[in-house]
Structure formats: structure tokens, C-alpha cells
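Okay, so here's the structure we're looking at.
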Amino acid sequence: MNPTTENPTTGNPYQAYVYAYPHKTAYRPLSPAPPLRGVWADEPLDALFLYLHVPFCEMRCGFCNLFTRTGAPEELTAAYLDALDRQATAVLDALDGPAFATAAFGGGTPTYFTASELERLCDIAGRFPGFGSVPLGVETSPATATTDRLTVLAERGTTRVSIGVQSFLDEEARAAVRPQKRAEVEAALDRIRAVGFPILNIDLIYGIDGQTPATWTHSLDAALAWRPEEVYLYPLYVRPLTGLGRRAQDWDDQRLTLYRIGRDHLLGEGYEQVSMRMFRLPSTGAGGTEYCCQTDGMVGLGCGARSYTSRLHYSFEYAVGAGQVRSIIDDYVREPDFGTARVGFELDGDERRRRHLVQSLLQADGVDLGTYRARFGSDPVDDFPADLKSFADRGWLEASKDTFRLTPEGLAHSDAIGPALFSSQVRALMDSYEAR
């Protein structure tokens, strides 16, 4: 996500993908660094989300700004697993009787690990109560979705596998600086289906150079041939310090056109829309791996993972540039003490309200007013009158007695609506963050 102070009234529908609030670029060093036991004291621990971050990939895609590095040698991956184990010990010591309701391995590409390394990753996660019996989601890539790795994941209880395909056309993959062949993608999908997971998600990207409505529809149909339980449609972003970051052009109209084509195509094929990006077959749910963003209690392990309590979000340092990422990973694997929160953002009452509004409004179901009132003792219309009126005036918001939700056109502008709801404090912190 790129820091921005733009307002949706500027007309730019693609300002930032808001997958969390606040973004890591608003995090700052915590001084003094609070002990984890105090951070988690008085927090509900009965339905936590366990997230393990693997910061390794076999290649760096041109659009990627994830916290990841390529070409990690075996000594580094082994050292990283050792550090994860040490961090697990510190976190478990800080949690008093935790219970976990869902888990995920993300990255990077968790399946960059070999089958034996994935076994160890699962053993580390297995130290947390409930792992192995709760839904588990794992991200993979065409090149690393091998049968031996997938078999380990299936045997350890994985319920959802998400694979980044982006395009089924080789020339579009190359344009996105993702050198893969369609034959490799389909071989990986065949292996995933053969091993057997309840939920398959396929990620596709629209807005790639040279992409047309016809080629976009071709990729959609190629994905639908596998009848995935979920499909995510991502707009291409040009981001600083990424392979495509040096190519700037205005292609908002193209992306909006392709988004609407993709949305209507999936709806016509029987999928339901969950958010601007997510579509799923009815009644499949998400295998229990779809984290409810309103619920705090995320326990993150790994140098790129976040952890969420009701009042503090924390992580390690954040970077995108290859050299800085490698430095942070090197520091992480040498870290002897994981007993404190180092970098983060403290949420006051206003920020907690904003977080709830941002995350729920960007879902197709919208804001449940009863839930909001019960949690905060107020009404979002009174808390955010100007913002909600602005969205309604543009035809982006509709209200009923019990809910506020975005209209179809509002969902199409989610990447403008989300940033518009950022507080002035968060905007200032993001604007002052120096990308590295």
C-alpha cells in the first residue's frame, strides 16, 4: 500500500489497497519496548489467529512490495526456522492459556521451504494450542507447489491453498515481471487438486501492460476451468522500490473496465462477491481461514508478521528494498530475545472505531450497526458524519435500519474509500515514512 493523503473526490479509484489499518508505514519504534506479557494481559485469548510469516521467494515479481527476499540458501532457511522456534517460546510464555481458532502461513512463499522444512514449520506452529485441528491457510506459487510439499501440508491439516497465477497468458506474465509458463501453472493446479484441499484460491491481476478485455476474459475462463472455491481479482499497482515502480502511467479507466468485466463474469458463473477483490462459491465459506478483521487477537511469528491486540499493533521493522529486507532478516535470525514488542502503533478509541469502520465497510456485507453500537457505545453516523455523507452523495453507500454497505459502484472504489477514512495522525505518519 502506498502512503496517500488523497481524497476520493479527486476521482482516482486506485489510491491504496487497505488490507489492514493502520498500515505498517504508520508503525514507529516503541520506547520503552513493552514486554509481551504486559501487552497481552487482559486480552481475550480464547479464539486467536496464528500467523507464521516466511520471507522467502524463488523470484521477485515486478508488482511485489511484500517483505520477502529471493535466493535464500539452506543455512539461512534453517536459521530462520530456529529463530521462529525461539520466538514461539517467548510468545507462548507471554500468553496465559491461549486457544487458537484459525491459522495461516504467508509470505513471501511458504512453500519456498522444502518438504522437510515445512514439517518443521508445522511442528513450530504445533506448539500453539489448537493447531492441527483448526483451519489452516497456506500461500504457494506455481514453481513451489510440488507434490511432496503439498502432501506435507495436507497431512498437517491445511484447509485452504492460495496460488498466485496473475495471468494464464505467458506474455502478460512476462509483462508483470513474473516469468512463468502456463504449462507450469496448470501442472501446479493439477497437483493441488490431486493432493486434495477443501479450498483452492486463485489470484489474478488486471491492469497489466497489453492486457485487453479479451485476454482478461481468457484468464478468467482458464481459472474457472479448475472451479476454484475462491478467486481474488487484484488491480495492478505501480509501487516504489519494485520492478514496475519505474513505469508510471494513468490507466485507471482500463483497470475499472477490467474490474467490472471480471466481477460480472464471476457473478454470472455463480460466485458471490465478498469484497472488491474476493469472490467465492456460495456455501463454501473460506474453510475457516478468512480472518475477521474486526476481531483482534492475531499472533504473528516471523520478521514480517504483525500481531494485533485491541490496543496495540506491533511487528518488526518494515522494508521493501532488497538490501534492507535482507538486513532485517539477518538481524531476526540472530535475535536472542523475542520477549518485547519493538515497533508498532497504539490505537486509542477513535482509531479503534476507524479500524472497525474501514475493515467492515470494505466488505460486501458492510457495517452491522448493532455490532458497532454494542462495541463502541456510539453510532458511525455520529462518529464519521462527513465521510459517510460524502460516500452517500456519490452513490457509493446505501443504508438500511441495521446496516451500512457499499453499493456495487462503492465496492469498485474501495481503494479510494479506505484511505479516505484514515485519521490525520495515521496519514501524517505514513507521509513521513521513508520508503526503503
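Residue numbers (my numbering): 125 to 560. Quick reminder that beta carbons are idealized off the backbone N, C-alpha and C, glycines included. Nothing here was measured: the structure is a model prediction, and the numbers come from that model.
Item	Value
Backbone secondary structure at residue 586 - three-state DSSP	It is not possible to answer for residue 586, since the shown part of the chain is limited to 125 through 560.
Expected contact under 8 Å - CB spacing of residue 142 and residue 542 to nearest Å	3 Å
Beta carbon proximity, residue 501 to chain C, threshold 9 Å	Among the chains in the structure shown there is no chain C, since it carries only a single protein chain.
Residue 468 beta carbon less than 9 Å from that of residue 152	yes
Between the CA atoms of residue 197 and residue 266 - distance to the nearest angstrom	20 Å
Separation of residue 229 from residue 500, as counted between CA atoms	32 Å
Beta-carbon contacts of residue 553 that lie in its chain and below 6 Å, excluding the five residues immediately before and after	150
C-alpha gap between residue 236 and residue 555, whole angstroms	34 Å
Within 9 Å, strictly: CB atoms of residue 278 and residue 319	yes
Beta-ladder partner(s) of residue 260, from DSSP	227, 282
Residue 150, enclosing alpha helix (DSSP H) - first and last residue	Taken as a continuous stretch (DSSP letters only), residue 150 belongs to no alpha helix (DSSP H), as it is neither H nor E.
Given 8 Å, three or more beta-carbon pairs between the stretch 374-390 and the stretch 326-339	yes
Cβ separation of residue 158 and residue 465, assumed to be a contact under 8 Å, to the nearest whole Å	5 Å
Residues of its chain near residue 473, where Cβ-Cβ distance is below 8 Å and the 5 sequence neighbours each way are ignored	500
Per-residue burial, residue 519 [other beta carbons within 10 Å of its own, 16 or more giving buried]	exposed
Assigned secondary structure, residue 557 (DSSP; H/G/I helix, E/B strand, else coil)	coil
Proximity winner among 293, 403, 249, 355, relative to residue 281 (alpha-carbon distances)	249
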